[in-house]
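In UniProt numbering, the protein residues as written are 1 to 193. Idealized CB from N, CA, C, for every residue including glycine.
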């Protein structure tokens, strides 16, 4: 059922900043999704190797993610990714990204942009999770914006938010109102200006 849901979502997606779905094996196990191959790996590994990104690379990457997410959030068929994190952002090349892994995404037909939803079940990775998701409260596409902000933080800081604690504790801290500190001394001169 979940697999077929992901296939139904992927069939609809066509955008230069979204991983291209090519097909699926659905008749007998093992069930498989077939997507384009992106040899650049994921943003998590890239950030692990490179650390904090220079301003132009971070902005370029941010624009790629934002374009992909804007496409997903376009009415009347809003797709909430619900698990936006560096491991689910893939490198096409050293300067071009695509958003992928829609296993936890939710397609929602909306009547109004401000409609809210309470979605149950597994909803993403704690370190990048919005407070309302962690608290099992109603939410909308803004939860992806929160996750995007956590990715931006990591691109500029060179490490994930709240590295001093495990991912669950990080989400708990965010739910209490804590936000990661910016270590301005780590920024390049172009970011400081």
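Each of 88, 73, 58, 17 was checked against the Cα of residue 141, and the nearest Cα belongs to 73. One Cα belongs to residue 172, the other to residue 157, and the distance between them is close to 21 Å. The region 86-104 makes contact with the region 37-46, as at least three CB pairs between them are under 8 Å. In the displayed model, residue 93 falls within a strand according to three-state DSSP. Per DSSP, the beta-bridge partners of residue 21 are 35.
When secondary structure is reduced to three states using DSSP, residue 42 falls in the strand class. For residue 48, the three-state secondary structure derived from DSSP is helix. Taking the C-beta atoms as reference points, residue 152 is found no nearer than 9 Å to residue 79. Counted as a single uninterrupted DSSP element, the alpha helix (DSSP H) harbouring residue 60 occupies residues 55-72. Take residue 34, set aside five residues on each side of it, and the residues of its chain with a beta-carbon closer than 6 Å to its own are 22, 23, in chain order. In this structure, the alpha-carbon of residue 162 lies about 32 Å from that of residue 20.
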